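What follows is one structure encoded as structure tokens, with my remarks underneath.
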Amino acid sequence: MQRKIWVVFCLVLPVLLVLPPPVVSAQDQPIRIIFMHHSTGQGLIEQGGVRAAFTDLGYEFWDHGYNGDGLVDAEGTWLGVNWEMPDDNTDPDGWERIFNQPVTDPPANTFSHMLEYDVIIFKSCFPNADIQTEEQFETYQSYFSSIRDLIAQHPDKLFVALTIPPLTPNSTSPEAAARARRWAEYLTSPEFLQDIPNLVVFDFYTLLADDQGYLRADYRPDDESDSHPNERANQTVGPLFVDFVDQAIQAFVPGSVPRIDEAEAAVEMSRIEDFETVDFSNVWWTYVNEESSIFDCQLADSGFESDHALQVTFDIQAGGGAGCGGEVIPTPAWSEASGITFQLRADTPDLVVRVTLGLADDSNPDAVPFEVEFRTEGEDWSTVTLWWNQFYKPDWVGDAGVDEFDPSKAIWISVNVGYWEEAQKGTVWIDNFSLVE
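Note that the working numbering has the sequence shown beginning at 191, numbered continuously upward.
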């Protein structure tokens, strides 16, 4: 549930000690996604295999294009209805107008219809990348500040904004292209995101742009005046887009355990700790921050298809916390990896667990913690994968130490339990910490 953990139109715009209300639990109906787009988004869906990929992951993926095209259901069927998007406008000012619409039940406007879905993806059309002046850039900032603040008022919904796709060289100027790059950098920055837990930004622009800020030559149609990304671009970006949204959902939804599904068999794992030979008396440390809490960390007699696992037993009052951890030695594989994976089971569902990595910092001898928080599901062993972009620096750390997560600087790993809002009691078992390469 990363804070910078970093609805699509012609352009699509683009965790936590305090969890947002759940989008949907792992036991509820499939998570429903709506993608708001125009022609660029349509190309991404059709040529990038987006609908099929989301379906394979168990999601319901719907989309809405121009009013003349309207709504398409999860089966890919055009329903012949639309949400009367005001003036068909998906420019920044159009989105600002839509997000300011009153929420009605039953839905009587575009925004109210969007809120019927769990995940809302939106984008603007590529002509908006032709940012002519600094005043226009600042106006865009004003519109999206308003949109961001309105998104924060709906914490049970996950919003995915896309940065604006770049233009071909003969469709813009070098100065405007440079502003378009700055706009993408701004939308993916902490300055814009401001740790809003239900907002993430997919950087569509950077995946498509060359060094000069134009649509890459190999991603352009034959007509150099046409800035729609071509089939090669969509086939390349489509899977990245689906993976980004999937990871954002898995990080955002309390009660879900991040997936690696079929990809698990395709990636090579690098072992971090399998708990078969670890000496808890000399290597692993423990802490408890409330005297009334009970905590025990030890080796279990059996693990996941192994002789041992980490066993953490606790009875912690609301607001308390405890954990145990040990040193790691980051190899070059840490920089090349995408995250860490491990096996998990628990005797109680919905226990809050945090996995923390301590990053070396010359100004902080104790290292700077970055963590991911999730909840347990049940008694059977399951695979948990935590991607690097999910790790965030907790609020209680303050401004001390590094702000950017760099796995190559990890010097310790810990498992932490306890929740500020409610008492926590149970036992969890963890085995086979490994890198996902």
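Cβ coordinates follow ideal geometry from the N, Cα and C atoms, glycine included. Every value quoted in this text rests on a predicted model; they were computed, and no experiment measured them.
CB-CB under 6 angstroms to residue i, same chain, minus the five flanking residues each way: which ones, in chain order?
{"i": "residue 612", "result": "508"}
{"i": "residue 397", "result": "427"}
{"i": "residue 302", "result": "293 and 294"}
{"i": "residue 500", "result": "465 and 620"}
{"i": "residue 382", "result": "376"}
{"i": "residue 609", "result": "542"}
{"i": "residue 603", "result": "515, 518 and 547"}
{"i": "residue 601", "result": "548, 550 and 557"}
Measure the C-alpha to C-alpha separation of residue i and residue j and round it to an integer number of angstroms.
{"i": "residue 565", "j": "residue 420", "result": "41 angstroms"}
{"i": "residue 490", "j": "residue 605", "result": "15 angstroms"}
{"i": "residue 621", "j": "residue 568", "result": "15 angstroms"}
{"i": "residue 457", "j": "residue 437", "result": "Bear in mind that a pLDDT of 40 at residue 457, under 50, signals an unreliable position, so the model cannot answer this."}
{"i": "residue 625", "j": "residue 550", "result": "19 angstroms"}
{"i": "residue 352", "j": "residue 311", "result": "8 angstroms"}
{"i": "residue 321", "j": "residue 619", "result": "53 angstroms"}
{"i": "residue 409", "j": "residue 358", "result": "10 angstroms"}
{"i": "residue 556", "j": "residue 229", "result": "51 angstroms"}
{"i": "residue 581", "j": "residue 595", "result": "7 angstroms"}
{"i": "residue 519", "j": "residue 546", "result": "15 angstroms"}
{"i": "residue 481", "j": "residue 502", "result": "17 angstroms"}
{"i": "residue 571", "j": "residue 347", "result": "29 angstroms"}
{"i": "residue 399", "j": "residue 368", "result": "11 angstroms"}
{"i": "residue 300", "j": "residue 328", "result": "26 angstroms"}
{"i": "residue 279", "j": "residue 316", "result": "13 angstroms"}
{"i": "residue 246", "j": "residue 296", "result": "31 angstroms"}
{"i": "residue 488", "j": "residue 342", "result": "41 angstroms"}
{"i": "residue 326", "j": "residue 284", "result": "15 angstroms"}
{"i": "residue 431", "j": "residue 345", "result": "22 angstroms"}
{"i": "residue 236", "j": "residue 393", "result": "19 angstroms"}
{"i": "residue 387", "j": "residue 443", "result": "11 angstroms"}
{"i": "residue 495", "j": "residue 468", "result": "17 angstroms"}
Residue i: buried (16+ other C-beta within 10 angstroms of its C-beta) or exposed?
{"i": "residue 378", "result": "buried"}
{"i": "residue 269", "result": "exposed"}
{"i": "residue 527", "result": "buried"}
{"i": "residue 533", "result": "buried"}
{"i": "residue 586", "result": "exposed"}
{"i": "residue 271", "result": "exposed"}
{"i": "residue 422", "result": "exposed"}
{"i": "residue 492", "result": "exposed"}
{"i": "residue 497", "result": "exposed"}
{"i": "residue 674", "result": "Because the chain is modelled from 191 through 627, residue 674 falls outside the range shown and cannot be assessed."}
{"i": "residue 579", "result": "buried"}
{"i": "residue 407", "result": "exposed"}
{"i": "residue 248", "result": "exposed"}
Terminal residues of the continuous beta strand (DSSP E) containing residue i?
{"i": "residue 310", "result": "309-312"}
{"i": "residue 516", "result": "512-517"}
{"i": "residue 463", "result": "459-463"}
{"i": "residue 390", "result": "389-392"}
{"i": "residue 475", "result": "475-478"}
{"i": "residue 352", "result": "348-352"}
Have a look at the DSSP bridge pairing and note the partners of residue i.
{"i": "residue 559", "result": "548"}
{"i": "residue 254", "result": "226 and 261"}
{"i": "residue 487", "result": "502"}
{"i": "residue 533", "result": "573 and 621"}
{"i": "residue 564", "result": "543"}
{"i": "residue 405", "result": "399"}
{"i": "residue 582", "result": "561"}
{"i": "residue 616", "result": "504"}
{"i": "residue 268", "result": "262"}
Give the range of the alpha helix (DSSP H) segment to which residue i is assigned.
{"i": "residue 572", "result": "Taken as a continuous stretch (DSSP letters only), residue 572 belongs to no alpha helix (DSSP H), being part of the beta strand (DSSP E) at 572-577."}
{"i": "residue 232", "result": "229-237"}
{"i": "residue 424", "result": "421-442"}
{"i": "residue 373", "result": "364-377"}
{"i": "residue 607", "result": "No alpha helix (DSSP H) holds residue 607; the beta strand (DSSP E) holding it covers 600-607."}
{"i": "residue 242", "result": "240-246"}
{"i": "residue 333", "result": "324-341"}
{"i": "residue 524", "result": "522-526"}
{"i": "residue 304", "result": "300-304"}
{"i": "residue 595", "result": "Premise fails: residue 595 is in no alpha helix (DSSP H) and is neither H nor E."}
{"i": "residue 221", "result": "Element bounds for residue 221: n/a, residue is neither H nor E."}
Between which residues of its own chain and residue i is the CB-CB distance below 7 angstroms, once the five residues before and five after are set aside?
{"i": "residue 478", "result": "485 and 512"}
{"i": "residue 286", "result": "333, 336 and 337"}
{"i": "residue 530", "result": "462, 576, 623, 624, 625 and 626"}
{"i": "residue 452", "result": "Its pLDDT being 42, under 50, residue 452 is placed unreliably in this model, and the coordinates cannot settle the point."}
{"i": "residue 217", "result": "Annotation note: pLDDT 39 at residue 217 (below 50); position unreliable, no value reported."}
Leaving aside the five residues before and after residue i along the sequence, list all residues of the same chain whose C-beta is less than 8 angstroms from its C-beta, in chain order.
{"i": "residue 252", "result": "222, 223, 224, 225, 261, 262, 263, 264 and 307"}
{"i": "residue 340", "result": "289 and 290"}
{"i": "residue 429", "result": "238, 239 and 243"}
{"i": "residue 538", "result": "566, 615, 616 and 617"}
{"i": "residue 475", "result": "514, 515 and 516"}
{"i": "residue 404", "result": "356, 357, 358, 359, 362 and 367"}
Hey, does residue i have any beta-carbon neighbour from chain C nearer than 8 angstroms?
{"i": "residue 380", "result": "Given the protein chain composition of this structure (a single chain), no chain C is represented."}
Is any non-hydrogen atom of the ligand GTP found closer than 7 angstroms to the C-beta of residue i, if you look at the structure I gave you?
{"i": "residue 327", "result": "Within the structure as shown, the ligand GTP is missing, as the structure has no ligands at all."}
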